[in-house]
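The sequence shown maps to residues 4 to 85 in the working numbering. Before any comments, here is the structure.
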Amino acid sequence: YKAAQELERALNDYSWNPKRFAESTKCYHRTLQQELMKTIVEIIRMVGSKDYGTDLRNQASHELCKRIVDSGVLDEAHLPFI
């Protein structure tokens with residue numbers, strides 16, 4: 004939960020740069036890269052669920068995640084901790 008709060012604080016900063024953040028994860032240990040992807044997959048599943056609360060501020064994210072979930076591509080996602 005503390006990590007999620009720290010990420011929220013960083014995202015709320017006007018200097019946040021998604022591309023720069025993504026690039027920085029290339030320096031992570033390979034196991035941690037996999038853990039990050041498992042986390043992202045779970046976020047996609049949650050945001051794409053029908054009971055996820057939306058309004059105009061996050062509707063596009065919900066619709067994108069719903070399309071990803073509905074595609075079935077995540078059904079066979081297996082990202083072990085190695």
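Beta carbons: idealized from backbone N, C-alpha and C, even for Gly.
- Task: Report yes if the CB atom of Thr28 is closer than 8 Å to the CB atom of Gln37, and no otherwise.
- Result: no
- Item | Exposure of Ile85, with buried meaning 16 or more beta-carbon neighbours within 10 Å | exposed
- Measure the Cβ-Cβ separation of Ile46 and Val72 and say whether it is below 8 Å. no
- Message: Applying the 10 Å Cβ sphere with the 16-neighbour rule, what's the burial state of Cys108?
- Response: It is not possible to answer for residue 108, since the shown part of the chain is limited to 4 through 85.
- Would you call the CB atoms of His65 and Val76 closer than 8 Å? no
- Query: Leaving out five residues before and five after Val44 in sequence, what residues of the same chain have Cβ atoms less than 8 Å from its Cβ?
  - Reply: Leu77, Ala80, Leu82
- Item | Glu79 in three-state terms, based on DSSP | coil
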